[in-house]
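Asks: Order-wise, the sequence lines are chains A and B. The first sequence begins at 1 in our numbering and counts up one residue at a time. The second sequence begins at 1001 in our numbering and counts up one residue at a time. Glycine residues also receive a C-beta, built at the ideal position from the N, C-alpha and C atoms. Please see the structure below; I have some questions.
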Amino acid sequence: MAIGERTQSGAPAIRVEQLCRHYRMGEALIRAVDGVDLTIPTGEFVALLGASGSGKSSVLNLIAGLDRPTSGNVIVQEKNLAKLSREELARYRLHTVGMVFQSFNLIPNMTLAENVELPMRFAEVERGKRDTLAREALSRVGLQNRVNHRPSELSGGEQQRAALARALINRPQLLLADEPTGNLDSRTGTEIMDMIREFNQQLGMTVVMVTHERALAERYAQRMIFLADGKLVSDETNSAVVAVASEGERQ
Amino acid sequence: MKLPDLTELAVRNLRESLLRNSLTTIGISVGVASLVAMLSLGIGLQQLASRRLMKSGLFDTVVVTSRRDLRNFDRQEERSGPTPGESQVLDEAKRQQIERLPNVLEAYPDIRFINELRFEDKPHLTMISALPESAKSNDAFDSMQGRFFSSDTAPEVILQKTFAEELLGKRPQPGVDETNVAQLAAQLLGKELTMRYAQRAAASATPEPKPSASSNPDAGSSEDEGVPGASYSVVSRELELKIVGVADLDPESMRGPTRARVFLPLKLAESLHVMQPTDLRELSHAAGDQPVYSSVSVRVKNPSHVQPVEDAIKKMGFNTFSILDASRSIQQFFKVLDVFLGIFGSLALAVAFIGIVNTLVMAILERRREIGIMKAIGASDSDVKKLFFAEAGAMGILGGIVGVALGWAIGQVINLGTNVYLKSQSFPPEHFWAVPWWLVAFAILFSFLVSLAAGLYPAGRAARLDPVQALRYE
Chain A
1 MAIGERTQSG APAIRVEQLC RHYRMGEALI RAVDGVDLTI PTGEFVALLG
51 ASGSGKSSVL NLIAGLDRPT SGNVIVQEKN LAKLSREELA RYRLHTVGMV
101 FQSFNLIPNM TLAENVELPM RFAEVERGKR DTLAREALSR VGLQNRVNHR
151 PSELSGGEQQ RAALARALIN RPQLLLADEP TGNLDSRTGT EIMDMIREFN
201 QQLGMTVVMV THERALAERY AQRMIFLADG KLVSDETNSA VVAVASEGER
251 Q
Chain B
1001 MKLPDLTELA VRNLRESLLR NSLTTIGISV GVASLVAMLS LGIGLQQLAS
1051 RRLMKSGLFD TVVVTSRRDL RNFDRQEERS GPTPGESQVL DEAKRQQIER
1101 LPNVLEAYPD IRFINELRFE DKPHLTMISA LPESAKSNDA FDSMQGRFFS
1151 SDTAPEVILQ KTFAEELLGK RPQPGVDETN VAQLAAQLLG KELTMRYAQR
1201 AAASATPEPK PSASSNPDAG SSEDEGVPGA SYSVVSRELE LKIVGVADLD
1251 PESMRGPTRA RVFLPLKLAE SLHVMQPTDL RELSHAAGDQ PVYSSVSVRV
1301 KNPSHVQPVE DAIKKMGFNT FSILDASRSI QQFFKVLDVF LGIFGSLALA
1351 VAFIGIVNTL VMAILERRRE IGIMKAIGAS DSDVKKLFFA EAGAMGILGG
1401 IVGVALGWAI GQVINLGTNV YLKSQSFPPE HFWAVPWWLV AFAILFSFLV
1451 SLAAGLYPAG RAARLDPVQA LRYE
């Protein structure tokens, strides 16, 4: 079986074909992503691993529609992101993708409720519904008492929980996480990862997580994909997690 | 994103960098204020000038004279008119014909005569002139004490201040503050003046010949319209006239030495048939049943009608005179002045324009990461663009409103200051500052549009921001 392909348990959520992302830095040509093929079925929890500069974040950004490939295709739900217009790409980010980042990326001058409400503003959700939905989402991540606080008044873990609430507010099918525990201590990191796993299992969301911590990936991801120098070097099924997951499904 | 959300986010963002955005908004306000101040000064001065000139009756009035009146023979402006021989007699029929011309409001004879008026048994000799009812709007009567004539035939008079002073035996002293018109009026209003005059009554055939109260065509020119041998008798009459008004300003200031200081209603003056020395010259032809006038003043609807009316009257064989050209160049002057004042006013707004660009470009640098986050969670290019536009627009509207208020306040202060100065120099107060509603609306709209234009580049730049790079930015 070729690297990057595997037996699929569901319909592919993401299909990456011969994906390249090159850019110039002065005279040098940087091959951040260089010919990656990848298929991720719906509902899978995938970890992208690799050293710094291996291209894992670049792949994530391309799947998130934040960046455009130099060549190759990213097909999500039958839509080839490489061919979408800027407006269509923005709509894709708004409705299909939820993102969390290492540095949380909450808007500092907004309260948590306002931060969570922001994607609904872009989606033009009715004004009256927004506040209720934002509060519901925040209580789901245990922040019902922090609704009117600003990010700077919260701990890192709380901020990342708020970021998760924001990522999920428009009910996306994909959750993309870029080093979500990178700025957290291990206990808080575990809390966040448990939450992500919960969303993956309960809501059936496809999760792609970038991390450089192999241990974290082994504990949570059903599949671990290793990148080096923009190329896919290994694609492993994490049998322990898959077993637990299918056990959970059976139950 | 919907407009209420945009506005809300824009205002929130403006509040975040309160000092910088306030300073930028103040910059816009100062720009708008200077524009409003300059333009309202221009408009105010123009309104003042045209109010004065229009009310003086010079710009919508055509003076018609007969070429047969040789006293006017040498007036330069009439050289182009018909020769004395071709000219018509300016009689009542012609006056009515002139009045029927299109765009003519009224044509009234110019009646003025020198007569004696007795007040408390002392005689006073002065020039008396008749005013049509339309003269009510002449601004000489704006600050008048008392009121205008109750009717066109009422036995009432309005006195010019200098004559009122003469009646009360007060001599204006040079260098001393003006006499208070109100004081003069208090002593004179309601009192009676007696006018003794010689009435020219028709001798026999024609029952009510209305002779001209003033001069008439020159007797020397050979004419045949007159009825030879006509004659009239002279009867001495006395008329009690009630003083109803004392005018501060001189409604006839433009007339020079022949200006009148006492005014009667026009119809009353016509019915008096006051005998004048010039009547003797009328003997040959004025005894027909029509009065003959030396001059008729024609008021047209607005200054633009002066030229066609003048042409039409000239065709009838009369001389005409108006100050149309003067008014034209004055209007042109104000147009140029407005443009210049507008340009100077806009300069400050141009500086404000750069201020907005600067503030928003700074905001992009500062909020780079925020823009990246917004894009990552689904904001489109146009959402980001609209947000920056909304911020620029909000600053523009706010700056516009504050600026208009500021400009208005500056105007009021300058107006007040100038009037204090005018008062100290014994001039009447003036209102040379006008902020019409259209200027308020225009200034706010202009400020809004200028701000949007200033937001064009920053908004475009923010929208094009690469989210990956923006998110990497710390």
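(1) With DSSP as the reference, please indicate the residues paired to Gln1145 (chain B) in a beta bridge.
(2) Below 8 Å CB to CB, which residues in the same chain sit around Val1030 (chain B) once its five sequence neighbours on both sides are set aside?
(3) Contact between the stretch 191 to 207 of chain A and the stretch 37 to 49 of chain A: three or more CB pairs below 8 Å?
(4) Taking the continuous alpha helix (DSSP H) assigned at His95 (chain A), which residues delimit it?
(5) Check whether the Cβ atoms of Thr1025 (chain B) and Leu1341 (chain B) sit closer than 8 Å, and answer yes or no.
(6) Sort out for me which residues DSSP pairs Lys231 (chain A) with in a bridge.
(7) Determine the contact status of Gly1455 (chain B) and Leu1360 (chain B), defining contact as a CB-CB distance below 8 Å.
(8) Do Ile1028 (chain B) and Ser1447 (chain B) have their CB atoms nearer than 8 Å?
(9) Rank B:Leu1125, B:Gln1145, B:Phe1263 and B:Gln1183 by C-alpha distance to the C-alpha of Arg1112 (chain B) and give the top, closest one.
(10) Does the distance from the CB of Asn105 (chain A) to the CB of Glu1016 (chain B) come in under 8 Å?
(11) With distances taken from CA atoms, which of A:Asp34, A:Gly65 and A:Ala28 is nearest Pro1467 (chain B)?
(12) Show which residues of chain B have a CB atom less than 7 Å away from the CB atom of Ile107 (chain A).
(13) Cβ closer than 7 Å: which chain B residues qualify as neighbours of Asn61 (chain A)?
(14) I need the straight-line Cα distance from Ile1371 (chain B) to Ala1037 (chain B), nearest angstrom please.
(15) Alpha carbon to alpha carbon, what distance is there between Gly1345 (chain B) and Ser103 (chain A)?
(16) Examine chain B for any beta-carbon lying closer than 8 Å to the beta-carbon of Arg140 (chain A), and answer yes or no.
(17) If contacts are defined as beta-carbon pairs under 8 Å, then Ala167 (chain A) and Leu154 (chain A) qualify, I think. What distance do you get, rounded to the angstrom?
(18) May I ask you to verify whether the stretch 192 to 202 of chain A touches the stretch 71 to 83 of chain A, counting CB pairs closer than 8 Å and requiring at least 3?
(19) Any idea if Gly50 (chain A) is buried or exposed, counting beta-carbon neighbours within 10 angstroms, 16 or more meaning buried?
(20) With DSSP collapsed to three states, give me the class of His1305 (chain B).
(21) In chain B, which residues lie with their C-beta within 8 Å of the C-beta of Pro119 (chain A)?
(22) Can you tell me the Cβ-Cβ gap for Ile169 (chain A) and Leu133 (chain A), rounded? I've got them flagged as a contact below 8 Å.
(23) Sorted by chain position, which residues of the same chain lie with C-beta nearer than 6 Å to Ala1130 (chain B)'s C-beta, five sequence neighbours on each side aside?
(24) Closest to Ser239 (chain A) by C-alpha separation, out of A:Gln222, A:Arg146 and A:Gln173, would be which residue?
(25) Using a Cβ cut-off of 8 Å (strictly closer), state whether Glu124 (chain A) contacts chain B.
(26) May I ask which residues mark the beginning and end of the beta strand (DSSP E) holding Ser71 (chain A)?
(27) Using 8 Å as the limit for Cβ to Cβ distance, is Leu1471 (chain B) near chain A?
(28) Around the C-beta of Tyr92 (chain A), are 16 or more other C-beta atoms found within 10 angstroms, so that it is buried, or is it exposed?
(29) Below 8 Å between beta carbons: does that hold for Ser1134 (chain B) and Glu1099 (chain B)?
(30) Taking Cβ-Cβ distances shorter than 7 Å, what residues in chain A pair up with Glu1016 (chain B)?
Replies: Quick look at the numbers:
(1) B:Val1246
(2) Ala1348, Ala1352, Gly1403 and Leu1406
(3) yes
(4) Arg86 to His95
(5) no
(6) A:Ala228
(7) yes
(8) yes
(9) B:Phe1263
(10) no
(11) A:Gly65
(12) Glu1370 and Ile1373
(13) Val1468
(14) 39 Å
(15) 49 Å
(16) no
(17) With a Cβ gap of about 16 Å, Ala167 (chain A) and Leu154 (chain A) do not count as contacting.
(18) no
(19) buried
(20) helix
(21) Ile1377 and Gly1378
(22) 7 Å
(23) Ile1111, Leu1264, Leu1266 and Ala1269
(24) A:Gln222
(25) yes
(26) Ser71 to Val76
(27) yes
(28) buried
(29) no
(30) Asn109
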